[in-house]
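Asker: What follows is a structure written as structure tokens; I'll ask about it next.
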Amino acid sequence: MVQLPDDLGGRLGTELTAPGGNRLMIFFWVAVVVSFVLPRIPYGRNVLYPFALLSTWIHEMGHGLFALLAGGSFNRLVIFSNLGGTAFSSGVGGLGRAFVAAGGLLGPAIAGGIIIVLGSREHTARWVLAGLSVLLIVSLLLFVRNAFGWVALGLIAAVLAPVAFYAPELVRIFVAQLIGIQFCLASWGTLDYMFTKNFERDGQILNSDTEEIADVLLLPYWFWGGLIAAMSFAIMASSFYVAWIRPFRDT
């Protein structure tokens with residue numbers, strides 16, 4: 005669950021309950037509609053393609069950063085134009101394998117929840133987008149090791165920076181909410197993968213992330229797929245509550 009300190013929640017709530025607060029909430033719902041409708045209409049996926057690339061990036065970064073948290077190494081990251089990607093890590097075994105596998109599935113939802121909350125305010129949305137641009141650049145320097153990943157993520161970082169500092173405030177909020185929702189929905193967008201035991205890549209049969217968890221924690225892969233999907237939805241719902249409901253309820 006995404007939580008904010010009480011004093012921070014109060015300060016942010018003051019802005020939302022000011023005149024125009026309801027107008028800001030509309031941008032969350034517009035972002036939700038865009039996230040669900042565009043993939044289902046002709047060329048709609050093309051519009052969301054940069055956001056889908058970001059979702060791939062945060063998924064693979066989740067694997068890599070969780071590997072670091074488990075005491076291993078995050079060696080490199082590659083991202084491809086078909087929205088595939090791989091994070092290469094080492095030095096993680098036992099329970100750490102399950103932790104790293106879960107990181108790619110839960111990491112995007114956690115990041116998305118934080119973005120939804122902090123990106124819902126006019127005075128913090130700017131810094132959310134600027135911070136995301138910086139994180140993209142840092143990941144390019146430290147981890148990304150293929151040409152497409154460098155070009156695509158570099159272009160996204162280059163666009164986010166001016167949006168953060170020069171776009172109208174409502175545009176910043178909308179973009180931040182759209183990114184946060186896309187991150188939270190990253191797991192839901194790959195439900196078939198979460199409920200798949202194995203998949204083929206470059207002629208090799210590999211375990212899915214949920215099967216990696218099942219290998220360590222014994223319960224079947226479909227159990228972990230369902231649990232992670234439920235947790236991702238709960239994170240998005242609680243983020244919406246903290247960002248858009250609690251400030252009104254407490255006044």
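So our numbering is basically just the index in the sequence shown, starting at one, shifted up by 4.
A virtual CB, placed ideally from N, CA and C, is assigned to each residue, including glycine.
All values reported here derive from a predicted model rather than from experimental measurement.
(1) Does DSSP put Leu-210 in a helix, a strand or coil?
(2) Could you spell out where the alpha helix (DSSP H) holding Ile-114 opens and where it closes?
(3) Enumerate in chain order the residues of its own chain whose CB-to-CB distance from Ala-180 is below 7 Å, with the five nearest sequence positions on each side excluded.
(4) Under 8 Å by Cβ, that's how I've got Trp-76 and Gly-100 pegged, so tell me the actual separation to the nearest angstrom.
(5) Between which residues of its own chain and Gly-116 is the CB-CB distance below 6 Å, once the five residues before and five after are set aside?
(6) Name the residue from Ala-151, Thr-214, Val-175 and Trp-228 whose alpha carbon lies nearest to the alpha carbon of Ser-85.
(7) Please state the DSSP three-state secondary structure of Arg-149.
(8) What do you reckon, are the CB atoms on Leu-110 and Ile-232 nearer than 8 Å?
(9) Give the C-beta separation of Glu-64 and Glu-126 to the nearest angstrom, bearing in mind that I take them to be a contact with Cβ-Cβ under 8 Å.
(10) Could you check whether Tyr-225 and Ala-234 sit closer than 8 Å to each other, using their CB atoms as the reference points?
(11) Which residues in the same chain as Leu-140 place their Cβ atom closer than 8 Å to its Cβ, once the five residues preceding and following it in sequence are excluded?
(12) Just the C-alpha distance for Phe-244 and Val-121, rounded to the nearest angstrom, thanks.
(13) What separation, rounded to the nearest whole angstrom, lies between the Cα atoms of Asn-202 and Ser-59?
(14) Quick one: complete alpha helix (DSSP H) runs, 4+ long, within the stretch 128-194?
(15) Identify which residue in Thr-200, Gly-97, Pro-43 and Pro-54 has its Cα closest to the Cα of Ala-74.
(16) Less than 8 Å between the beta carbons of Val-38 and Leu-136, yes or no?
Answerer: According to the data block:
(1) Your numbering for residue 210 matches position 206 in the sequence shown. Residue state, collapsed to three classes: strand.
(2) The sequence position of residue 114 within the sequence shown is 110, counting from 1. Here the alpha helix (DSSP H) through Ile-114 covers 99-122.
(3) Numbered from 1 along the sequence shown, position 176 holds the residue referred to as residue 180. Counting only residues of its own chain and dropping the five nearest sequence neighbours on each side, Ala-180 has a CB closer than 7 Å to the CB of Ile-119, Gly-123, Ala-129, Val-132 and Leu-133.
(4) Along the sequence shown, one-based indexing puts residue 76 at 72. Along the sequence shown, one-based indexing puts residue 100 at 96. According to the sequence displayed, residue 76 carries Gly and not Trp. Taking the Cβ atoms as the reference, Gly-76 lies roughly 7 Å from Gly-100, within the contact range of under 8 Å.
(5) To locate residue 116, count along the sequence shown from 1; it is residue 112. Answer for Gly-116: Gly-184, Phe-187 and Cys-188, listed in chain order.
(6) For the purposes of this step, residue 85 is identified with residue 81 of the sequence shown, where counting begins at 1. Residue Ala-151 is the option with its Cα nearest to Ser-85.
(7) As a first step, residue 149 must be located in the sequence shown, where it is residue number 145. Coil.
(8) The residue you call residue 110 lines up with position 106 of the sequence shown. The residue you call residue 232 lines up with position 228 of the sequence shown. A contact, by the Cβ cut-off of 8 Å.
(9) Taking the first residue of the sequence shown as position 1, residue 64 is located at position 60. Taking the first residue of the sequence shown as position 1, residue 126 is located at position 122. 31 Å between Cβ atoms; not a contact.
(10) The residue given as residue 234 occupies position 230 in the sequence shown. The residue given as residue 225 occupies position 221 in the sequence shown. No, they are not a contact pair.
(11) The residue labelled residue 140 in the question sits at position 136 within the sequence shown. Answer for Leu-140: Trp-61, Leu-157, Gly-158, Ile-160, Ala-161 and Leu-164, listed in chain order.
(12) Indexing the sequence shown from 1 puts residue 244 at position 240. Indexing the sequence shown from 1 puts residue 121 at position 117. Distance between the alpha carbons of Phe-244 and Val-121: 7 Å.
(13) Residue 202 sits at position 198 when you count from the first residue of the sequence shown. Residue 59 sits at position 55 when you count from the first residue of the sequence shown. Roughly 21 Å between the two C-alpha positions.
(14) Within the stretch 128-194, the complete alpha helix (DSSP H) runs of at least 4 residues are 151-170 and 173-188.
(15) For the purposes of this step, residue 74 is identified with residue 70 of the sequence shown, where counting begins at 1. It is Gly-97.
(16) As a working note, residue 38 is residue 34 in the sequence shown. As a working note, residue 136 is residue 132 in the sequence shown. No, the Cβ-Cβ distance between Val-38 and Leu-136 is not below 8 Å.
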